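Take a look at the structure set out below.
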Amino acid sequence: MAGFLADWYFWTKALHIISVIAWMAGLFYLPRLYVYHVESVKTGTETDSLFQTMERRLLRAIMNPAMIATWIFGLVLVMTPGVVDWSMVWPWVKAASVLAMTWFHMWLAGRRKDFVGGTNTLTGRRYRMMNEVPTVLLVLIVFSVVVKF
Numbered sequence: 148m149a150g151f152l153a154d155w156y157f158w159t160k161a162l163h164i165i166s167v168i169a170w171m172a173g174l175f176y177l178p179r180l181y182v183y184h185v186e187s188v189k190t191g192t193e194t195d196s197l198f199q200t201m202e203r204r205l206l207r208a209i210m211n212p213a214m215i216a217t218w219i220f221g222l223v224l225v226m227t228p229g230v231v232d233w234s235m236v237w238p239w240v241k242a243a244s245v246l247a248m249t250w251f252h253m254w255l256a257g258r259r260k261d262f263v264g265g266t267n268t269l270t271g272r273r274y275r276m277m278n279e280v281p282t283v284l285l286v287l288i289v290f291s292v293v294v295k296f
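Here our numbering = 1-based position in the sequence shown + 147.
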């Protein structure tokens, strides 16, 4: 198995990077949609329905599959011999950041349910602030993997 993982390392790494980019695009865009939704749209209107459709499709068709692929390819990379040295700090920082990113994804999914139920209580300002979360996590992940501190 170790030989197979090593032989496919570059393909796995490329697929991991592609899935991370797709996931990050959604994590950046969905909170921005929420900002526009809460600031510009009245509940129960045709525009409200349009925003809910866009949010649902972004989450289900792009973000969920991209997150799952990111996790699968990331775990395959972790299992590949010689890729991760768990005695260093960087894999722990990355792991914690990926868990936080997954929590944020789930938080966004919960907020979508609030819009569907007409129970959203968060402001555009709050969604703008939360929109910075994936950026901070992205910086932590990239520096931990590239610099390997």
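Backbone N, C-alpha and C define an ideal beta-carbon position, used for all residues, glycine too. It should be emphasised that the depicted structure is a prediction, and the values quoted were computed from it without experimental measurement.
Met279 in three-state terms, based on DSSP: Here residue 279 turns out to be Glu, not Met, going by the sequence shown. DSSP places Glu279 outside both helix and strand once states are collapsed to three, so it counts as coil.
Pair within 8 angstroms by beta-carbon distance, Ala216 and Ser166: Yes; because the gap between Cβ atoms is below 8 angstroms, this pair is in contact.
Phe296 - DSSP class collapsed to helix/strand/coil: DSSP places Phe296 in the coil class of the three-state scheme, outside both helix and strand.
Straight-line Cα distance separating Ala213 from Asp195: For Asp195 and Ala213, the distance between alpha carbons rounds to 26 angstroms.
For Pro238 and Thr143, the rounded distance between their alpha carbons: Residue 143 lies beyond the residue range present for the chain, which begins at 148 and ends at 296; the question has no answer from this structure.
Residues near Asn278 in its chain [Cβ-Cβ closer than 8 angstroms; skip 5 each side]: Once the five neighbours on either side are set aside, the close Cβ partners of Asn278 are Phe175, Pro178, Arg179 and Val182.
Residues near Phe296 in its chain [Cβ-Cβ closer than 6 angstroms; skip 5 each side]: Cβ within range, chain order: Val236 and Trp237.
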